[in-house]
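Below is one structure, written out as structure tokens; comments come after it.
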Amino acid sequence: FNTFEGDLKWDHNDITYRILNYSPDLDPDVIDDAFVRAFAVWSAVTPLTFTRIYKGVPDIDILFGSEDHGDPYPFDGKDGLLAHAYPPGQGVQGDAHFDDDEFWTLGTGVVVKTRFGNAEGAQCHFPFTFEGQSYSSCTSVGRTDGLLWCSSTPDYDKDRKYGFCPSELLFTYGGNSDESPCVFPFIFDGQTYNSCTTEGRSDKYRWCSTTANYDKDGKYGFCPNRDTAVIGGNSQGDPCVFPFTFLEKTYSACTTDGRGDRKLWCATTSSYDQDRKWGFCPDQGYSLFLVAAHEFGHALGLEHSDVRDALMYPMYSYVSDFHLHKDDVRGIQYLYGARTGPDPTAPVPTDKPETTTLTTSTTSVTPSVAPVDPAKDACKVKMFDAIAELKGALHFFKDGLYWTVSDKGEVAHQSPLRISEAWPELPSNIDSAFQDPTSKKIFFFSGRKFWQYTGSSVLGPRSIEKLGLEKEVESILGVIPRDNGKALLFNGEKYWRLDVKAQTVDKGYPRSTDEDFAGVPSDSHDVFLYKGKYYFCQDRFFWRMTWRKQVDKVGYVKYDLLNCP
Amino acid sequence: APAPIKTPLSITFPGEIRNDLTDLQRAERYLQQFGYMAQEQGDDEQVSLRKALRLMQKKLGLNETGELDTETMDTMKSPRCAVPDIGN
């Protein structure tokens, strides 16, 4: 690893950041989330914390821009230079800039987050089938209002899960119109516009008026890119038009003709020859998370590393299962020290031993059951089925097994136990669990069923419909028990309050997780209470929230909860 | 039969940042931009270039040939962070 000359670093650990604008390529929620996760990469291994601010001067300003974007280091169009960041300090120092002539994704192609519909903000699943036809992009087929939609599962006909795709007819971002959609036609500078325009701006961002007259009302917003929008060229944000003619030849798909660099492009009108309007076709794009994590490394004081697999190596390469390289860890800890908290345990061999000997002493294994491999390591599990604090210990459930961490921080990330041995009636896949603090009863949820254990006696399985949950509710993904005989049941964007004694959900529910628990991912797959704080997990990360509903930490499940080395 | 329309290998697309640099010019610019070579060269430019190429190849874990070989050119065309590799 390398640091900047003089070991430039922040003189405080509570770093603040501000997001100045957004890219039209991704939903603002996806961008916010990518930045949170990118900061979490560094906070997981240092004492640093990162807090987003909306007013005032932050340590790190984040912006998207293209070519000349206000500093002496212009970007260079699509590909090539992706982003840059300045080492710690005042003013522009510490800031991170991202080239908006790139196609920003999560590294594997266009990310289309839906809004409205019944997919609860899930991403489009491409391809999907609708009435027997396969669709690889959003479509307005089947609608009379022209709005673009997609299925969030492979088969709309079977699952009927859908949402609307980004479009200026649905919402705008930024500006001063609180996400209102465009109004067409609108008047700007005395001219009438029937679509988003870049007129009046030097930064090439497409905008529209959100009332019929911008000159009078001054209300505007930026247009989100559609999933078929071209990148760069001279038609950024417009969709390809097929077929189009290029040098008198007709094209029905993106082509590399006319380019020495073999990049795919298309015309955005029916005739390139006549209109000369074009752009690059969407490709895999660059992972905003990975690039941001790299740039934030600079913003914290790391220079480029010589280690090819390190995050701080200067070249971009996509990895689906990101882990911070030990070179990056050494670099950042050289500047800021290691994070505080329990000491990591010594590494243990992960190879399966030649002779299988169960070393776990708490549970005996019946000979008819195949022994659990004690080397099965919780640290190698990417996402758990469920996490819950039961009998004073945090339990991590996955595929019929569970691991525990006691409240004293004693780690059991190896030597898992079988769910079937502790709770014989349960299936192997647990969605969530909780222990009612008053009655000490333990509840488990799996799909639309739930079980109630009092000691070793069990009630269930029973349908969650008995609790008053609608038929559409497919599962309960997390539970926060409360001291007053209530428990909050979470299922993505909705949550219910359960009266544990009456075994029915209270009136006035479900409520929106987004509204009542602002700042945590609305698609958390595990939600639980631990040591009096709420945890919302997404991927390998958790967002910890105080009872005042303030997020006070974003961390790694693996390092911060399981104490993995 | 209709004669096939010949599409030129490369045209200039409007609005695109295009540099018509040779490989050598492109390499020199890259080496200067990312801190491997000073803007002002000494008397022997060939020696400076070779030295800078070796430095870049070593830093980025490439074969240290001191030549503008395919691996080096490909690396120079790869997407990357704009922060210099050496110096401020």
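As given, the protein sequences belong to chains L and H, one line each in that order. All residue numbers for the first sequence refer to our numbering, where the first residue is 1 and numbers rise by one. All residue numbers for the second sequence refer to our numbering, where the first residue is 1 and numbers rise by one. Heads up, the beta-carbon is just placed ideally off N, CA and C, and yes, glycines get one too.
Which complete alpha helix (DSSP H) runs does the stretch 491-531 of chain L hold, if anything under 4 residues is left out? 513-516
Might you give, ordered along the chain, the residues of its own chain that have their beta carbon closer than 6 Å to the beta carbon of S23 of chain L, omitting 5 neighbours on each side? F64, D100 and W104
Which residues of chain L have a Cβ atom closer than 9 Å to the Cβ of G61 of chain H, listed in chain order? D306, V307, R308 and Y313
For the candidate residues L:R339, L:A292, L:E303 and L:Q333, whose alpha-carbon lies nearest to that of S317 of chain L? L:A292
Taking the beta carbon of Q435 of chain L as the centre, do at least 16 other beta carbons fall within 10 Å, making it buried, or is it exposed? buried
Using a 10 Å radius around the Cβ and a threshold of 16 neighbouring Cβ atoms, would you call G142 of chain L buried or exposed? exposed
Is G258 of chain L near E16 of chain H, with beta carbons less than 8 Å apart? no
Assuming the contact rule is C-beta atoms closer than 8 Å, Y534 of chain L and I480 of chain L should be a hit. Round their C-beta distance to whole Å, please. 6 Å
Assign W207 of chain L to one of two classes, buried (16 or more other C-beta atoms within 10 Å of its C-beta) or exposed (fewer than that). buried
Where does D178 of chain L sit, in a helix, a strand or coil, going by DSSP? coil
What first and last residue would you give for the beta strand (DSSP E) that runs through Q133 of chain L? Q133 to Y135
Under three-state DSSP, which class holds D552 of chain L? strand
Express the C-alpha separation of K558 of chain L and R540 of chain L in angstroms, rounding to a whole number. 7 Å
Neighbouring residues, chain H, relative to E295 of chain L (Cβ below 9 Å): C81 and V83
Using a beta-carbon distance below 8 Å, is W278 of chain L in contact with chain H? yes
Pair every Cβ in the stretch 82-89 of chain L with every Cβ in the stretch 45-54 of chain L, then say whether three or more of these pairs are closer than 8 Å. no
Can you look up H395 of chain L in the DSSP assignment and give me helix, strand or coil? strand
Comparing alpha-carbon positions, which option in L:S475, L:D483 and L:K466 lies nearest S439 of chain L? L:D483
What are the residues in the stretch 77-108 of chain L lying within 7 Å of chain H by C-beta distance? G77, D79, G80, L81, L82, A83, H84 and A85
3 or more residues per run - each beta strand (DSSP E) lying fully within the stretch 76-128 of chain L: 81-85 and 96-99
Nearest to W149 of chain L by alpha carbon, out of L:D159, L:Y173 and L:C124? L:C124
Do the stretch 153-162 of chain L and the stretch 192-202 of chain L meet, that is, are 3 or more Cβ pairs less than 8 Å apart? no
Within this structure, are the beta carbons of V505 of chain L and L467 of chain L separated by less than 8 Å? yes
Where do the N-terminal and C-terminal ends of the beta strand (DSSP E) with F450 of chain L fall, by residue? K449 to T454
Using a cut-off of 8 Å between C-beta atoms, extract the partners of G66 of chain H located in chain L. Going along chain L, no residue has its Cβ under 8 Å from G66 of chain H, so there is no contact; the nearest lies around 18 Å.
Own chain partners of N234 of chain L with C-beta closer than 8 Å, once the 5 adjacent residues on each side are dropped: R276, K277, W278 and G279
Sheet register partners of R418 of chain L (DSSP bridge): L:L401
So what's Q284 of chain L in DSSP terms, helix, strand or just coil? coil
Would you check if there are 3 or more beta carbon pairs closer than 8 Å linking the stretch 450-457 of chain L to the stretch 416-434 of chain L? yes
Can you find the residues in the same chain that come closer than 8 Å, C-beta to C-beta, to S134 of chain L, ignoring five residues on each side of it along the sequence? P127 and F128
Apart from the five residues just before and just after G109 of chain L, which ones in its own chain have a Cβ nearer than 6 Å to its Cβ? Q284
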